[in-house]
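Reading through the structure tokens given below for one structure.
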Amino acid sequence: MKNLLNVIVCVCVLGGQAYAARLQASNFRYKAAVTAKIVGGTLYRVDLPAAVLLNCAPGQPDIRLFSPAGEEIQFTLVKGEYLKKADELYAPKITAYRADSREAVLEFALESRPNPVTSLELSVEDTDFRKDTELSGSDDGKSWKPLGRGSVYDFSSQVDLRKTLLEFPRSTYRFYRLKLRDTEEPAPQGKTVSFKYDGIDLNVGGGKGKKLRINGVSLRTGGRDTRVEIYDEKIFQPAASGELKDNQSFIAISQGLPFEKVEFDLADSFFMRDLTAYYSETGEENSYRRLSSASIYRFPPGWPAGERAWAEISSPGYRYYRFVFNNKNNPPLRIKSVKLKWLRRSLYFIAPGDMTGATVSFGRPGTERPAYDVESFVNQDNWEKRTQDALQLGEPVLTEGYSPELPADRKTRTEKNLLTAIIVLVTAGMGYWLYNLLKKAGPAAN
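Counting with numbering that gives the first Met the number 0, you get residues 0 to 445 for the letters of the sequence shown.
Shown next, in the form of structure tokens:
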């Protein structure tokens, strides 16, 4: 019995020594080669094309980088966007405000002469307005020189359209005067220029006589902070289209790309529709899940330029997409093609040593995202400040000898089966031993 217990202990110890082996290039379905001389200690960038992203899991966690010797190389995956800060921001003091039925005049001043400023931003709470503007500058607050004319407007209760920024030539004045007047639109044959579409009235003269509540003014030397975005894109023809109940129509595409924007090439001269995007991993009818909603529109010919035939909808990269449009009483939109636009994905890595090329391996569903030390030094917040050398990635190919299962997984499964068999055998032996023990003790107990 003592020997039997020793066997159990040994087996349990050996079974507990199973380890999680590191992933190898052969564990990924696809690979793409970098054929260039790589210098140790240098920061490199590898841009990932659509052919790579198409074959990755959503969010691209199943990407690894290997050296020619098969060693895993640390990297960080970065999206092509960053915030470009304005050079300098000034907050002038409002010194005067007066308004009558014709115009409103706002005067503001800086404490000292600024660096050259090029734009003015109004902080306005109101919605549904349109005003023409006239900006002037002065060194003493008495003699005014014109800086430019423009307009500010807001149609947010009808469409996503708002502008409160005014740009003008470089200026170093301390004093500024801004005049705001109701926009005067030429009306053909004495009629108001207006447009009614699907129950929504848009009027280019909207907000007449409305006094704006201006909370503040800011001046910038370099304009507004801007988000720089580097996009890759791919155009698709709809794989399917049709009409649904409740006056809805849809188009579908079966491309597993991530995207941050979707653009529609439409033949219609004007429209205003709500749409909802759905995704699916299988493409089966009842498998679609809601992704996001948005609105698209195009103003009719002769109107002020206004078009938004695209939507800011983000997806990590599912296999199937469906876009559903709410047509109300309108005919379905005539969609010619769909363009998916995604922020460029790039691998950044510091070469661990000199080598002749490297391999990007990808395509292993269920793989967790790696966590490398290099992410502390190159990441989404600072990549644009780092100097790097770009490497070209070759065309993806199937991996020879592909096997998604790790050697450690096979070892663990074998040890588990062996341990299970031994436990069953030991349990049966102990049962038999206990049976004999009770059988012998039976007459004595009686």
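We put the CB at the ideal spot given by N, CA and C, even for glycine.
(request) Go ahead and label L332 buried or exposed: buried means 16 or more other beta carbons lie within 10 angstroms of its beta carbon, across all protein chains shown. (result) Its Cβ being crowded by 16 or more others within 10 Å, L332 is buried.
(request) Would you decide whether S193 is buried or exposed? Buried here means 16 or more other CB atoms lie within 10 Å of its CB. (result) Note on S193: pLDDT 47, under 50, position unreliable in the model; no value is reported.
(request) Kindly indicate which residue of M429, D86, A98 and K92 has the alpha-carbon position closest to the one of S111. (result) Taking only the C-alpha atoms, the option nearest S111 is K92.
(request) Could you say if the stretch 169-181 and the stretch 90-108 meet the contact criterion of at least three C-beta pairs nearer than 8 Å? (result) With the cut-off at 8 Å, the stretch 169-181 and the stretch 90-108 touch.
(request) Kindly indicate which three-state DSSP category V423 falls into: helix, strand or coil? (result) Helix.
(request) Name the one or two DSSP bridge partners that Q247 has. (result) Bridge partners of Q247: L243 and N325.
(message) Taking contact to mean 3 or more Cβ pairs, one atom from each stretch, closer than 8 Å, check whether the stretch 252-266 and the stretch 221-236 are in contact.
(response) Taking 8 Å as the limit for Cβ pairs, the verdict is that the stretch 221-236 does touch the stretch 252-266.
(request) Mark N26 as exposed unless 16 or more other C-beta atoms lie within 10 angstroms of its C-beta, in which case mark it buried. (result) By the neighbour-count rule (16 or more Cβ atoms within 10 Å), N26 is buried.
(message) Let's see if you can read the secondary structure: which residues bound the alpha helix (DSSP H) around V51?
(response) Annotation for V51: the continuous alpha helix (DSSP H) segment containing it runs A49 to L52.
(message) I need the straight-line Cα distance from T191 to E306, nearest angstrom please.
(response) The predicted position of T191 is uncertain, since its pLDDT is 43 and thus under 50; a value taken from the coordinates is nonetheless stated next. Rounded to the nearest angstrom, the two C-alpha atoms are 22 Å apart.
(message) Looking at the strands, I want to know which residues DSSP matches up with S150.
(response) S150 is bridged to D131.
(message) Which residues does DSSP list as the beta-bridge partners of P145?
(response) Its beta-bridge partners are S135.
(request) Count the other C-beta atoms from every protein chain shown that fall within 10 angstroms of the C-beta of V33, then say buried if there are 16 or more, exposed otherwise. (result) Buried is the call here.
(request) Can you give me the Cβ contacts of Q188 inside the same chain, cut-off strictly under 7 Å, excluding the 5 residues immediately before and after it? (result) For Q188, the predicted structure reports a pLDDT of 47, less than 50, and the residue's modelled location is therefore unreliable. A value from the coordinates is still provided. Cβ neighbours of Q188 within its own chain (closer than 7 Å, five residues either side excluded): none.
(request) May I ask which residues mark the beginning and end of the beta strand (DSSP E) holding V377? (result) No beta strand (DSSP E) holds V377; DSSP gives it neither H nor E.
(request) With DSSP as the reference, label G428 as helix, strand or coil. (result) Note: G428 maps to helix in three-state DSSP.
(request) Return the first residue and the last residue of the beta strand (DSSP E) that R180 is part of. (result) Note, R180: beta strand (DSSP E), F174 to D181.
(request) Alpha carbon to alpha carbon, how far is D159 from L243? Give it in angstroms, no decimals. (result) For L243 and D159, the distance between alpha carbons rounds to 27 Å.
(message) Let me check understanding here. Comparing Cα to Cα, which of V123, A239, Y287 and E374 lies closest to S336?
(response) Selection V123, A239, Y287 and E374 evaluated against S336 yields A239 as nearest (Cα-Cα).
(message) With a threshold of 6 Å on Cβ separation, who are the neighbours of E133 within its own chain once the five nearest residues in sequence on each side are excluded?
(response) Excluding residues up to 5 positions away in sequence, R148 and K178 lie with their Cβ nearer than 6 Å to the Cβ of E133 in the same chain.
(message) For R272 and R297, I'd like the C-alpha separation in whole angstroms.
(response) The straight-line gap separating the alpha-carbon atoms of R272 and R297 is approximately 10 Å.
(message) Rounding to the nearest angstrom, what Cα-Cα distance links V123 and R97 in this structure?
(response) Distance between V123 and R97, taken at the CA atoms: about 16 Å.
(message) Checking the sheet assignment: what are the DSSP bridge partners for I252?
(response) Bridge partners of I252: Y320.
(message) Short of 8 Å in beta carbon distance, which residues of its chain neighbour R44, apart from the five on each side in sequence? Order them along the chain.
(response) For R44, where only same-chain residues beyond five positions count, the Cβ hits under 8 Å are S345, L346, Y347, Q387, D388, A389 and L390.
(message) Output needed for F447: all residues of its chain with C-beta closer than 6 Å, excluding positions within five of it in sequence on either side, in chain order.
(response) No statement about residue 447 is possible, as the shown extent of the chain runs from 0 to 445 and does not include it.
(message) What does DSSP give as the partner residue(s) for T275 in the beta ladder?
(response) S292 and V323, per the DSSP bridge assignment.
(message) What does the alpha-carbon distance come out to for the pair P115 and D139?
(response) If you take the alpha carbons of P115 and D139, they lie about 17 Å apart.
(request) Please determine, among E120, V323, K141 and K30, the residue with the shortest C-alpha to C-alpha distance to L164. (result) Checked all of E120, V323, K141 and K30; the closest Cα to L164 is E120.
(request) Put D388 into one of helix, strand or coil per three-state DSSP. (result) It is a strand residue.
(request) Spatial neighbours of G205 within its chain, please: CB distance less than 8 Å, with the 5 preceding and 5 following residues excluded, ordered by chain position. (result) Here the model assigns G205 a pLDDT of 49, short of 50, so the residue's position is not dependable, and the following value carries that caveat. Result list for G205: D127, F128, R129 and F154, in chain order.
(request) Excluding the 5 residues preceding and the 5 following S294 in the sequence, name in chain order all residues of the same chain whose CB lies nearer than 6 Å to its CB. (result) Close CB contacts of S294 within its chain, under the 6 Å cut and outside five residues either way in sequence, are with D273 (chain order).
(request) Indicate the three-state DSSP secondary structure (helix, strand or coil) for A95 in the structure shown. (result) Three-state DSSP puts A95 in a strand.
(message) Quick check: what's the CA-CA separation for R63 versus N285?
(response) Our two residues, R63 and N285, have alpha carbons roughly 34 Å apart in a direct line.
(message) Please determine whether the Cβ atom of L243 lies at a distance below 8 Å from any heavy atom of the ligand ATP.
(response) The ligand ATP is not part of this structure, which contains no ligands at all.
(request) Would you decide whether P257 is buried or exposed? Buried here means 16 or more other CB atoms lie within 10 Å of its CB. (result) With 16 or more other Cβ atoms within 10 Å, it is buried.
(message) Within 8 Å, do at least three Cβ pairs link the stretch 36-43 to the stretch 360-368?
(response) Flag = no, the stretch 360-368 and the stretch 36-43 do not touch.
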